[in-house]
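Numbering (our numbering), first residue to last: 24 to 124.
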C-alpha cells in the first residue's frame, strides 16, 4: 500500500512539475511577445513625434509665407517676374545668350 501511495505522490509531483514548466514556457513566450510589441510601439511613437514636429515646422513656414504674400515686397517681386513690370526710371538689360539654352 505504501508503494502505491508513494507512486501516486511521485506521479502527482511529476505532473505538477510538468504543469509548472509548461506555464513557465507559456508566460516566457507571452512576456517576449509583449516586449517585442512594446518596442515596436515605442519606435512608431518616436516616428510619429518626429512627423508632428516636421508638420509644425511646415505650418510655421506656411504662416510666414502667407504673411510674405501679403507684403509689398512680394507684390513687387510677382509684378517683375510674371508681368515684366519695372519701376519708373529703371533700365532693363536683356541677355541674349540666356535664350539659346
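We treat Cβ as the ideally placed atom computed from N, Cα and C, and that holds for glycine.
(Q) My output table needs one value for residue 63: the three-state DSSP class, helix, strand or coil. (A) The residue labelled residue 63 in the question sits at position 40 within the chain shown. Three-state DSSP puts residue 63 in a helix.
Q | Supposed contact pair residue 91 and residue 97 - C-beta distance, whole angstroms, cut 8 Å | A | Locating residue 97 in the chain shown gives position 74, counting from the first residue. Locating residue 91 in the chain shown gives position 68, counting from the first residue. Between residue 91 and residue 97 the Cβ distance is about 5 Å, and since that is below 8 Å, they are a contact.
**Q.** Euclidean distance between Cα positions of residue 84 and residue 76
**A.** Your numbering for residue 84 matches position 61 in the chain shown. Your numbering for residue 76 matches position 53 in the chain shown. In a straight line, the C-alpha of residue 84 is about 12 Å away from that of residue 76.
(Q) Assuming residue 95 is part of the alpha helix (DSSP H), what are its boundary residues? (A) Working through the chain shown from its first residue, we reach residue 95 at position 72. DSSP places residue 95 inside the alpha helix (DSSP H), whose first and last residues are 95 to 106.
Q.
Using only the alpha-carbon positions, how far apart do residue 78 and residue 72 sit?
A. Position 55 of the chain shown, counting from 1, holds the residue named residue 78. Position 49 of the chain shown, counting from 1, holds the residue named residue 72. Taking the straight line from one Cα to the other gives about 10 Å.
Q: Would you check if the distance between the CB atom of residue 107 and the CB atom of residue 115 is smaller than 9 Å?
A: The sequence position of residue 107 within the chain shown is 84, counting from 1. The sequence position of residue 115 within the chain shown is 92, counting from 1. A contact, by the Cβ cut-off of 9 Å.
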